[in-house]
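K.L.:
Here my numbering runs 90 ahead of the position in the sequence shown, where the first position is 1.
All C-beta atoms in this analysis are idealised placements derived from N, C-alpha and C, irrespective of residue type, glycine included.
Before I ask anything, let me first share the structure, which is written out below as structure tokens.
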Amino acid sequence: MAHASPITPSMVSGIFCGDAMCEVEAAKALLRFGGLNKTWMEQFRALQKFNERNGHCRVPYVYPADPSLGIWVHIQRRNQKERLLSDDQKQSLDELGFSWKMSTTWMEHFHELLLFKQKNGHCRVPYRCKENLSLGRWVDTQRQEKKKQRLSEHKEQLLNGLDFEWRAHSKTWTEQFLSLQQFKQEHGDCRVPHNYKADPSLGVWVANQRREKKKRVIPEDRERKLNELSFEWSPNVKKSRKKIADNKQDNTT
């Protein structure tokens with residue numbers, strides 16, 4: 091059985107070399123090896139030392155002095171959110187004054203996207219991704235920033251290194267169908283407004299399904315799946331918009 095290799099200086103330097111492709115490869119190395127050669131207690135002791143030197147536990151995600159520590163700290167927050175931390179581990183971190191809520195940086199989202207690609211083989215994160223809702227929104231934001239020419243060249247190169255797909259409508263039919271399933275779970279029906287702000291591409295996709303049905307060009311298996319979801323081919327759009335507004339009102343009260 092192969093053992094995890096330790097983090098080497100070349101892996102670390104890649105994160106800060108200024109070259110996008112170099113950073114992508116270094117990020118992959120850190121995610122593959124980072125922290126696997128250290129136990130939870132070893133990382134905790136490293137965090138204690140960091141706290142003694144700096145007076146807090148807010149380790150940057152990209153931390154040159156100890157790259158695996160930044161990743162490990164991020165994982166503890168995620169594990170706590172998913173209730174994967176033991177009571178003893180949480181208590182130890184609480185006693186150290188651990189900060190459980192911190193804003194996610196661009197690089198943290200980038201590494202979450204890298205993890206997503208390693209698991210799924212692509213970067214087409216659904217806008218309403220159940221596993222990581224903020225990642226789906228972040229991916230959509232990157233497309234919007236590039237479209238408005240506000241995305242830095244360096245960030246664009248990093249994303250290109252992951253074969254990032256810049257066109258939102260590159261989502262597969264199945265991915266949109268899964269988004270529609272989630273919409274129905276939240277709203278009780280499939281009447282997605284055409285200008286649905288929470289997921290613009292879903293509203294357009296739903297309208298396209300009705301158009302294909304009307305023209306009799308929709309494949310039978312897709313029509314069957316939509317029918318099984320109680321898809322309404324001629325919905326009351328006004329009622330749908332009102333229901334979504336009512337749901338938003340309920341969530342604010």
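Output the distance between the C-alpha atoms of residue 223 and residue 190, rounded to the nearest integer angstrom.
P.N.:
Near 18 angstroms, if we compare the C-alpha coordinates of residue 190 and residue 223.
K.L.:
To test your reading of the DSSP string, which unbroken alpha helix (DSSP H) runs of 4 or more residues are found completely within the region 250-319?
P.N.:
The qualifying runs are 263-277, 290-304, 310-318.
K.L.:
Mapping DSSP to helix, strand and coil, what is residue 239?
P.N.:
Three-state result, residue 239: coil.
K.L.:
At what residues does the alpha helix (DSSP H) containing residue 169 begin and finish?
P.N.:
Taken as a continuous stretch (DSSP letters only), the alpha helix (DSSP H) holding residue 169 covers 157-171.
K.L.:
Counting only runs that start and end within the region 175-208, where is the alpha helix (DSSP H) found for 4 or more residues in a row?
P.N.:
Correct list: 177-185.
K.L.:
In angstroms with no decimal places, state the Cα-to-Cα distance between residue 207 and residue 265.
P.N.:
Looking at the two C-alpha atoms, the distance is approximately 15 angstroms.
K.L.:
Which residues mark the beginning and the end of the alpha helix (DSSP H) in which residue 139 is found?
P.N.:
Note, residue 139: alpha helix (DSSP H), 130-144.
K.L.:
Rounded to the nearest angstrom, how far is the Cβ of residue 263 from that of residue 300, given a contact under 8 angstroms?
P.N.:
At roughly 14 angstroms, the Cβ-Cβ gap does not stay under 8 angstroms, so residue 263 and residue 300 are not in contact.
K.L.:
Within 10 angstroms of its Cβ, does residue 211 collect 16 or more other Cβ (buried), or is it exposed?
P.N.:
Exposed.
K.L.:
Between residue 183 and residue 138, is the Cβ-Cβ spacing less than 8 angstroms?
P.N.:
For residue 183 and residue 138, no; Cβs fall outside 8 angstroms.
K.L.:
When burial is assigned at 16 or more other CB atoms within 10 Å of the CB, is residue 146 buried or exposed?
P.N.:
So residue 146 ends up on the exposed side.
K.L.:
Have a look at residue 229 and residue 130 and give me their C-alpha separation to the nearest angstrom.
P.N.:
Each residue's alpha carbon lies about 31 angstroms from the other.
K.L.:
Please state whether the Cβ-Cβ distance between residue 292 and residue 270 is less than 8 angstroms.
P.N.:
Yes, the pair counts as a contact, with Cβ atoms nearer than the cut-off.
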